[in-house]
Amino acid sequence: MSAPKLRFKEFNNKWKEYNLYEILNLLGGNAFSSKDTSKNGVKWLKIANVGFGKIKWDVTDYLPSNFLKKYQGYSLTTEDIVLTLTRPILNKELKIAQITNADLPALLNQRVAKLIINEKIVDKKFIFHLLRNRKTVLDIESSISGTDPPNLGNNELKKIQVFIPSKSESIKVASFFDGIDKKVQFQKEKVELLKEQKKGYMQKVFSRELKFKDNNGREYPEWSQHKLGNFSERVTRKNSDLITTRPLTISAQHGLIDQVEFFNKTVASKNLTGYYLLNKGEFAYNKSYSNGYPLGAIKRLEDYESGALSTLYICFTPKDNVNSDFLVHYFDSTQWYKEVSLICVEGARNHGLLNVSVSEFFDTLHYLPCLEEQLKIAKFFDCINQKIKLNEQTLKNLQDQKQAFMQQMFI
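First residue of the sequence shown: 357, per my numbering; consecutive thereafter.
In structure tokens:
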């Protein structure tokens, strides 16, 4: 094939095949010493700062300002393209990004490379999108296989063949994907903003800073303190008759989920008869740390009628004196952390599990509003969650659309 399936109508010339090394070279960064670290000055761009299509400065280190002139060959400018050389691919995505004004001034560290592109042949932004195309990523992955850790260098580029259009067509294709990327980025930021707003509301609602009123504008009664055991009952039923063969795990993002869906394999014991049988609507506490959940996570079984759960979990079901939907949102907050932190000795872990006993867990104290206010709070957060889900679906649709265009507009 010498032309893509989908292209702009004003172009009909065949695309030319090149060795990737003919199109670009990799200029590796400098081996700066940790002793060079400065409190401020020039940003020190390391492997950890290169994300998927974007530079991230979650952790920012600096080099002295005078290094910018001293190491001029490693300085970066707007629209430079950088990529990770060590373990450059994660989950079939290449760690590559374009430098913006917000990233400057910056110096390039070792194991990160700047792309030196032959711009007489092709537009540099076209190369940025080409390298993010799934087929190209797979070719790169193949070229670095067999090394541990996988390392990308100019020799690996020589193993990869790519098809390149005329310079004018490459500019138009790059501009098209730039437009899609802007839409994707805008939607990502919208989703993140909604999630941050939700966090803010959760903090204010469950700390009782933000109060709801009834339909007549009157304030609800003050929240009252209850032991967990007063509004829930422990679930200890066993899956002895193999009522379910679905082993569950807790994911911070997805809640209680089938292990096969989450891990692409079963990590549970082959014999699930000794596991707890959890039914839809019941809760489970995972006492181990997970991302964003330093004291573990409590989730309700939502997506299946039942599932099998390790006896390392503490399972419970709400009583009639509490709204189950309210508890879902309450346990998604961090308001209950303080109580759990009081009953687990810091650093006391058994195979990664917090040292929390069942009796102490059910003795933890929680402030709850009246049932009517619980229902109102639950509906409030349900609406926010629905809005987040709709915007996440819009984001996924944009990402899927981009992939479909990439498959048809590159060779």
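Cβ atoms here follow ideal geometry from the backbone N, Cα and C, with glycine treated the same way.
Residue from the options with nearest C-alpha to residue i
i    : options                : result
W692 : I527, F717, K594, K395 : F717
D418 : L460, P444, D534       : Note that residue 418 corresponds to Tyr in the displayed sequence, not to Asp. The residue with the shortest Cα to Cα distance from Y418 is L460.
R488 : A462, K694, K451       : K451
E373 : T456, K515, L439       : K515
V438 : Y427, P420, V468, V415 : V468
A608 : L657, R590, L754, A664 : L657
R564 : P577, Q553, G502       : P577
S662 : S646, V478, N595, C700 : N595
L446 : I496, L633, E475, F484 : I496
F672 : C726, F737, I599, V591 : V591
Q466 : I699, L710, L441       : L441
L471 : S431, V712, G502       : S431
V712 : Y723, I699, L724       : I699
N403 : K567, L463, Q759       : According to the sequence displayed, residue 403 carries Ile and not Asn. Considering only alpha carbons, the answer is L463.
Y723 : E638, G502, V561, D676 : V561
I670 : D676, S644, K694       : S644
C-beta contact flag for residue i and residue j at 9 Å
i    : j    : result
Y649 : L612 : no
D681 : A640 : no
N635 : A653 : no
F618 : K655 : no
Q763 : K523 : no
L508 : S499 : yes
F367 : F533 : no
F482 : I527 : yes
K555 : I744 : no
F364 : F388 : no
L633 : T605 : no
F568 : F737 : no
T456 : Q559 : no
L376 : F766 : no
Burial state of residue i, where buried means 16 or more other Cβ atoms lie within 10 Å
i    : result
P505 : exposed
G385 : buried
S318 : The requested residue 318 does not occur in the structure, where the chain is confined to residues 357 to 767.
N679 : buried
C739 : exposed
Q742 : exposed
T433 : exposed
K336 : Coverage of the chain is limited to positions 357 through 767, which leaves residue 336 absent and any answer about it impossible.
E525 : buried
K583 : exposed
N405 : buried
E702 : Bear in mind that the predicted position of E702 carries a pLDDT of just 49, short of 50, making it too unreliable to give a figure here.
A458 : exposed
V782 : An answer regarding residue 782 cannot be provided, because it is not within the stretch 357 to 767 covered by the chain.
Q730 : buried
A704 : Low confidence applies here, because A704 scores a pLDDT of 49, under 50, leaving its location unreliable; read the following figure in that light. Looking at its Cβ environment, which holds fewer than 16 other Cβ atoms inside 10 Å, A704 is exposed.
Q454 : buried
Q757 : exposed
D570 : exposed
E589 : exposed
Rounded distance between the beta-carbons of residue j and residue i, thought under 8 Å
i    : j    : result
T720 : V696 : 6 Å
K448 : V518 : 18 Å between Cβ atoms; not a contact.
K399 : T416 : 6 Å
P521 : W371 : 5 Å
L544 : L746 : This sequence places Lys at residue 544; Leu is not what is there. Actually they do not touch by this definition, with Cβ atoms about 14 Å apart.
V529 : Q755 : About 18 Å separates the two Cβ atoms, so there is no contact after all.
L336 : L710 : Nothing in the structure corresponds to residue 336, since the chain is present only between 357 and 767.
P420 : D392 : 7 Å
Simplified DSSP assignment, three categories, for residue i
i    : result
T667 : coil
V468 : strand
E702 : Unreliable placement is indicated for E702, whose pLDDT of 49 sits below 50; the coordinate value is still reported in the next sentence. E702: coil per DSSP, three-state reduction.
H582 : strand
I516 : coil
K448 : coil
E373 : strand
V591 : coil
K643 : coil
D681 : helix
F533 : helix
Y418 : strand
K569 : strand
V712 : coil
N507 : strand
L439 : strand
I767 : coil
F367 : coil
T434 : coil
D479 : coil
Y632 : strand
N386 : strand
Residue i beta carbon near the ligand MN (any heavy atom closer than 8 Å)
i    : result
N635 : In the structure on display, the ligand MN does not appear, and there are no ligands present to speak of.
Chain B contact for residue i (CB, 9 Å cutoff)
i    : result
P360 : Given the protein chain composition of this structure (a single chain), no chain B is represented.
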